[in-house]
Structures are given as structure tokens and as C-alpha cells.
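Protein chains: 2
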Amino acid sequence: MFATKGIQVIGIENNKERAEQIKNGICPFHDPSLQSVLVEAIKVGNFQVKNSVKGINDNIDIIFIAVGTPNTIENSVDYSQIYGALEEVCNLNLREKTIIMRSTMPPKTTVDIVIPFLEYRTSLKCGQDFYLAVCPERILEGHAIEELHNLPEIIGGINKISNDIASSIFKIINPQKEIMHTSPSGAELAKLFTNIYRYISFALSNEFAIWAEIYGLDAAEIIKIANYNYSRSNIPIPGFVGGPCLSKDGTFLDNNTTFASIVSTAWKLNESIPQHIVNNINKVVGNLFNKKIAVLGLSYKAGSDDLRQSPSVKLVEILKSKGAKVLVHDPHVKGTLSVKEVLNSPDVVIIATNHKEFSECHKLILNSGCKLVYDVWSMFDKDDFPNSRYIKFGQGIC
Amino acid sequence: MFATKGIQVIGIENNKERAEQIKNGICPFHDPSLQSVLVEAIKVGNFQVKNSVKGINDNIDIIFIAVGTPNTIENSVDYSQIYGALEEVCNLNLREKTIIMRSTMPPKTTVDIVIPFLEYRTSLKCGQDFYLAVCPERILEGHAIEELHNLPEIIGGINKISNDIASSIFKIINPQKEIMHTSPSGAELAKLFTNIYRYISFALSNEFAIWAEIYGLDAAEIIKIANYNYSRSNIPIPGFVGGPCLSKDGTFLDNNTTFASIVSTAWKLNESIPQHIVNNINKVVGNLFNKKIAVLGLSYKAGSDDLRQSPSVKLVEILKSKGAKVLVHDPHVKGTLSVKEVLNSPDVVIIATNHKEFSECHKLILNSGCKLVYDVWSMFDKDDFPNSRYIKFGQGIC
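Residue numbers (the numbering used here), protein chains in the order written: chain E, 63 to 460; chain X, 63 to 460.
The structure is reproduced here in C-alpha cells:
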């Protein structure tokens, strides 16, 4: 976006294959509007991609750090990409430059790690010799361009000049962009609050699904009724909750307590939904060993090809561990089978991701000869499958 | 409201003192617009109040059951008012009448208890001889009249004729009223979903407050920033969460599980906030024995006189158990002291309810000579009290 606004932009990507893709105008993940902006940026000639900062001359003003902060296998924060980026950045002369931290980070990461690291390596003073602001990314995956333009920007500068520089940079994207100022730690925490709030609302919807199942009722239907023109209810529809942000951002705070929190309880619940669904299917079709199971959707959310922390991936693993023959189709995920291949006389069809493409698969599922359609996302209705048993997640089996 | 629309209404209230109040046009709780509608209803002559159904002739069409469903001291459902109301109702000839269940109830209460009870006592058949619909109350306390007019009505009739009768009754209040139909159990569950969703969002805000305190940050400020023009965040401001609905409705579902749920975790958190605040105050002022503590606000929420499950009541109890001298002022609660009495040289001032009247008490608090102002609701700011220590709930003590 900066490149299309006349700014010279250099992207640093140390994965060489991915860097080549981007250089060639291919967005490495599914986001149609980002894809077309990438092509435009390359066409106007303002956008280069490099594997490191080496050879970049010092004539740059702003450095964005937007690396990932995943969890380690023990669910603690993996700071390696942050440290790697800081190492890389220190190869430049930072004097008079401004560093913008775009990554999602636990509160105090910037003041406790980032600034001490940069000052130690460069012998420069943050706030005097170089400037720094925490400006966390808050876009919805798949809507980067539109949201980068429209969303208010949270700017947690180390001082006034850092705030002013960061604000002016974001106003290049949209001169009307609203700016909210806070401290660096405040900006880090605000991002986490936002994602955790969303995560908990999804988890609560899934808890409602479990209770509706206990009572033999239909959670999705009742949630729609509860929400309708009632300003105090905005309950999501039950379904899988995962992905690279929501499912780990809560641990950034939760790891600070030894007691059960709402976040840890919600995490336990969301992470258990794939197993819960396997248990439910098991009750209906018996032992899953050697059963042929078609899974529609592998990515963690509709319209995405992102498999990171996808509950559907977990579902497939559990099914395989039970000895089932699992066939997976996802229109957005390369290497998966075609819809016709997976719907060739399966015992069970599971709609595991709410890709809109699946609503067009109705006839294929209907005629697949399956005994059970399990709908994680309430995409269909009982009457759609008169030849099979139809169960949705969040609907009691009466 | 029905009475002001030309309908003959008889209210049955077995508390004689309260019945007398209502007869005399005095609303027994604080709700200004309900108060004026009550006066109007009595003036037009359509509204009577009786202590029982005895002597009511059979010429009535609709019976609303709107009794409370509190929890027992063991946190299980206290059905005694429901049973009491059903007993009372069975003194009437129910043939051709319609019963509308307005109370909040655990799912299946109507099909498992209410209908069997009525059929057993009357030897009539529900759905044939008399009609029944579950139409749960969803108004915000203090906004009864406006919301009874505007909110969509959830109607869970036992059959079509019950649905039709219930719909036509509610359309007397507002012919444009939107109607959502579901089953009786669906209607019961929809009400609980609504209240639990709200309760969890308040609890999460309080969990954010605790984390902000850990990091020495200001939760209320950061929540405002996170919410600002960001459609995916609607996080409430931290504060006490209680009252007769939100804090017990979750147990109606949660009592069905032996595991920690989001609801039980949230309940534990909200219920612990008064003790957490006492602990925080203790850290600043030392042992509370014989300390003079002014508590502003006793009701569970702003503008209300309702003390049921009020966290402020719990706060006062804890403070008293520590040996503190506690002086309470609440502009809406009779029998509390005046604001001047409680602000006569206290050691600590606690703003415990967010009554708007308290923003006018700034000068009195400022000049009270207190050592500490503890603001549960982020109503004030540090700069407002230059002579005292000022701490808000959800702000770290650095």
C-alpha cells in the first residue's frame, strides 16, 4: 500500500522461495485484494524484495518489524523471529530512523526486550538517536487492504516525536485515518484485548453449543433468535476456533497466572471441539476404524488457505489416529483431493470449514451415499439430506 | 402498559405491603418511566392489585407468570415461586385460557415441570384445553417501558394457537413489535444465552483489569482505545458485576456440568472482585481494623436501588469483617447515610457504584481529608485528587 502511494518500499523476507514468489507478484497466501495491490506496487516500481538488509543504503526513514510471534510447543512465547529481526535491523545505522513494531507481543516486550536490545547493540539512545512506536496490526486475515485503510491506528510511541512520525506515516495510507495514542505497553495490551475479546465470544458460543446438545436443542437457531434486533447480544454461531492469532494471543497474558482464567478455560474448550465432534460421530456410526471419512475444509476459517492452528487439521489427525480413512478436500488448500474424489461413497461427510464453496456441494453430498453428514458450521439443514443422518455441532441428538 | 392500552389488568402480589404500595401508585423499585405508567394505569381505572386470585371471576383470557427464579443458598434453582404461582393459577378454571411464562427458567422447566403440574392439577390438556407460551422478559432494569415497547419478543408456544394468542397479546403493546418463534425450551435457553453473553463480557473486562494491574497499566484507558471505531471490539469498562439476573442465570446451565466452564470461571472472577479490591486497599493503607471507610454506592448498578447480589454489599461485608468502620451512602437506597456524613474525615473513600450523582461529589471527596480514593468504576482520574492517593480498579499500582 505504501508503494502504491509513492513511497519506496523494500520488503525483507529471509525465506528465499517466498521472497521469489513476492518478487514475481504472487501473494504467498490467499487474499484477493492484497494480491492486486502487490501487482500494482511492483508495476509502479516502488517495491523491491530482498533476503536481508545487506546492501540497502542508509537512505531509509522507517523500519517496520512485522514478524510472527507464534507460541513454542510448550505454549510459551517464541521470540526468535523478534530477536532475528532486531539482529537484522542492527546491521543498519539506526541514527534518525524510526522503528515501528507491528508484531503482536506480550505487554512490556518493547520496553523490556526490544529497546534494551537495540540500545545495547547500537550504543544509541532510543527516543533521542532513533525513534520507536508500537503500532499493532489489527486487520482481519483476508481483508488487509480495506482494513489497513479504514481501521483507526493505535500508536504507542516512546515519546512525542516517535508518535508524530508514526502518525504521519500511517496518514500516507489514508489522510483521514484516526489515530489513538497510548504507551508502547498500552499498545501491546490493546491488541491482545481485541483478539482475546473475539476469541472468548467464539468460545462462549461453543460452550452454548455444548449446552444446547445436552438439552437436545439447536444452538445456532437459538443464538439467531437471541441476537435478532437485541443490541445487547452479538453471539457468534458455533464452529471451529483456531488460526495463528486468536488461539495463542490469550496465552501471552494467561501464562502470567497459575489459576484457571476465562482465557484458559475458553482455550481448553475451543481446543477440545475437534475431539468432541469425533466423539459425537463415534456415537452415531460406531468404531471409526477403516471408516471412510470425507472432510470438507482444512483451513482454519472461511475463504482462507491458512492451516496454522486449524482445528480441522486437528480433527483430521484425531480421525486418522482412530484408524479412519480420511479424505480431505479444501478449495483453497493445494495438495488436497478434489471434491469428487472425497465424496466417492464415504461413510461420513464432515463440513469442517465454512467455505462458501461448500454450499454448492449440496447435491454431491446428497448423492454420495454417506450414512452421516456432520456439519460443524450449521451451513445446511436437516431437510437438505433426507437420505442421511444429519447432525450439526451444537444440536442435540434426540 | 396493557392497562394504558385499554386492557383490564389484575396484578397478583402476595406481599401485602408491596401490593398496597402498588395500589397507591408507588412503584416499589426505582424506575421513573415505569412509575409514571403505573400512575396512569391506576388513573384510567384498568389496573387492580390483589393478594391472590380468589374472587377473580373466570372472565379472564391471559395469565402472565412473572415470578422470580432466584438461586438457593447452595446455588441451585429455587423453584418455590414458580410452584407457588402454579398453585395459585390452578385456583382458576384454566379452560380456554392462555398462560404466558415470563420468568427466567432453566431449559425444559416448562415442558418438564410447568405443563405436567398444570395438567396433573387441572386434568386439562395443555395445547387443547388451555394454551401456553414461554415469552421471557429481556428488558434492562430501569428501562422497562421503553424496552417492553421496542424489543423483539421471543415466543415459544406449545403449539400454533398458543403462538398466535401470545403474539396478538404483545402486539397490543406495539403493533410493530417483532416476534421470534421457537419452542418453549428454545425460548428459555435464548433468554439465558442473552444474559450469559453479557455476564461473560463483563467478567472478561474484569479479567483484563487484573492483567492490566499485573503490568502496571490502565485497563479502562486501553479498553477505550481497543474499542474505538473497531467493530470487532465492544469490551465493557471494568467494574462490579452482580444483580439478580446476570450473576445467577449462568448457573442454570453451569450446574449441569462437573467441569469448569467459561461461566463458572467468570462467576468465580466476578464474585472475587470485592475481595480483590479489599486486598488492594489493604496493601496501600495497611491493616483495615478501625479504619474509617466511606463507601459511595450500595446498589448493584448505576441509577438502581436494587441490592440483590450487589458486589458493593459484599464489599461492605468484607470490610466490616476486617474490623473497619464502614459508612455507606447511596442516593437511591433508603436507610443509608448522607454523603456529608460518610465523607466526614474518612481514611478511605471507595466509589463502589457508578451512580452519575457521584461525579458531583468530587469537591466533597477532594476535601474529605482521605488518604486514599479507590475508584471501582474509573469515574475519576488521578489528577482529580492531588491531595490523596488515587487508585482505580484495573490500574496497576506502580
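Ideal Cβ placement from N, Cα and C applies to all residues, glycine included. Just so we're clear, the structure is a prediction, and the values are computed from it rather than from any experiment.
- In this structure, the straight-line span from the alpha carbon of X/Thr256 to that of E/Phe270 is close to 11 Å.
- Comparing C-alpha distances from X/Ser165 to each of X/Ser138, X/Gly130, X/Thr184 shows the shortest one belongs to X/Gly130.
- Below the 8 Å Cβ cutoff, chain E contributes no neighbours of X/Pro94, its closest Cβ being approximately 21 Å away.
- Rounded to whole angstroms, the Cβ separation of X/Ser450 and X/Leu434 is 6 Å, and the two are in contact under 8 Å.
- Proximity of chain X to E/Leu315 at the Cβ level (cut-off 8 Å) is accounted for by Trp273, in chain order.
- Checking the DSSP bridge columns, you'll see E/Val411 partnered with E/Ala356, E/Val435.
- For chain E, the residues of the region 153–169 of chain X that bring a beta carbon within less than 8 Å of one of its beta carbons are Pro169, in chain order.
- In terms of beta-carbon proximity, E/Glu333 stays away from the interface with chain X, with every pair separated by 8 Å or more.
- For E/Gly146, the enclosing alpha helix (DSSP H) starts and ends at 142–151.
- DSSP assignment within the region 72–127 of chain X yields the following whole alpha helix (DSSP H) runs of 4 residues or more, N-terminal first: 78–85, 94–106.
- Under the DSSP definition of a beta bridge, E/Asn133 partners with E/Val139.
- Taken atom to atom, the span from the alpha-carbon of E/Asn289 to that of E/Asp443 is near 20 Å.
- Scanning E/Ile72, E/Ala364, E/Trp329 for the CA closest to the CA of E/Asp316 turns up E/Trp329.
- Taking 8 Å as the upper bound for CB-CB distance, X/Ile72 and X/Ile118 are in contact here, some 6 Å apart.
- Under the three-state reduction of DSSP output, E/Phe455 falls in the coil class, being neither helix nor strand.
- Residue E/Met441 holds the alpha-carbon nearest to the alpha-carbon of E/His417 among E/Met441, E/Leu426, E/Asn429.
- Runs of beta strand (DSSP E) with 3 or more residues, each lying fully within the region 192–228 of chain E, are found at 193–196, 215–219, listed in chain order.
- Between the C-alpha atoms of E/Ser114 and E/Asn76 there is a straight-line separation of about 6 Å.
- Taking 3 residues as the shortest admissible run, the region 165–190 of chain X contains no complete beta strand (DSSP E) segment at all.
- In the same chain as E/Val390, and ignoring 5 residues on each side of it, the C-beta atoms closer than 7 Å to its own belong to Val357, Leu360, Val378, Thr398, Leu399, Val404, in chain order.
- Following the DSSP letters along the chain, one finds E/Lys345 inside the alpha helix (DSSP H) bounded by residues 324–347.
- Within the same chain, and ignoring the five residues on either side of X/Leu156 in sequence, the residues whose Cβ sits closer than 6 Å to its Cβ are Thr184, Leu186, Phe192.
- By alpha-carbon distance to E/Ser224, the top candidate from E/Pro300, E/Glu82, E/Ala195, E/Trp439 is E/Ala195.
- If you look at E/Lys253, you'll find it in the alpha helix (DSSP H) that goes 246–277.
- Put simply, of E/Phe455, E/Pro408, E/His243 the residue whose alpha carbon is nearest the alpha carbon of E/Leu426 is E/Pro408.
- DSSP places E/His391 in no alpha helix (DSSP H) but in the uninterrupted beta strand (DSSP E) bounded by 387–391.
- Sixteen is the threshold: since fewer than 16 other Cβ atoms of the shown chains lie within 10 Å of the Cβ of X/Asn86, the residue is exposed.
- Chain-order list of chain X residues neighbouring E/Ser224: empty, with the shortest C-beta distance near 17 Å, by a criterion of under 9 Å.
- Assigned with DSSP and collapsed to three states, X/Ile299 falls in coil, not helix or strand.
- When rounded, the separation of the alpha-carbon atoms in E/Glu215 and E/Ser229 is 8 Å.
- Of all residues in the region 239–261 of chain X, only Glu240, Met242, Thr244, Ser247, Gly248, Leu251, Ala252, Phe255, Thr256, Tyr259, Arg260 place a beta-carbon less than 7 Å from a beta-carbon of chain E.
- Under the DSSP assignment, E/Thr313 falls in the alpha helix (DSSP H) whose first and last residues are 308–316.
- Counted as a single uninterrupted DSSP element, the stretch harbouring E/His243 is not any alpha helix (DSSP H) but the beta strand (DSSP E) occupying residues 241–243.
- Here E/Glu158 is exposed: its Cβ has fewer than 16 other Cβ atoms, across all protein chains shown, within 10 Å.
- Annotation for E/Thr171: Glu250 place their beta carbon closer than 7 Å to its own, counting only its chain and skipping 5 residues before and after.
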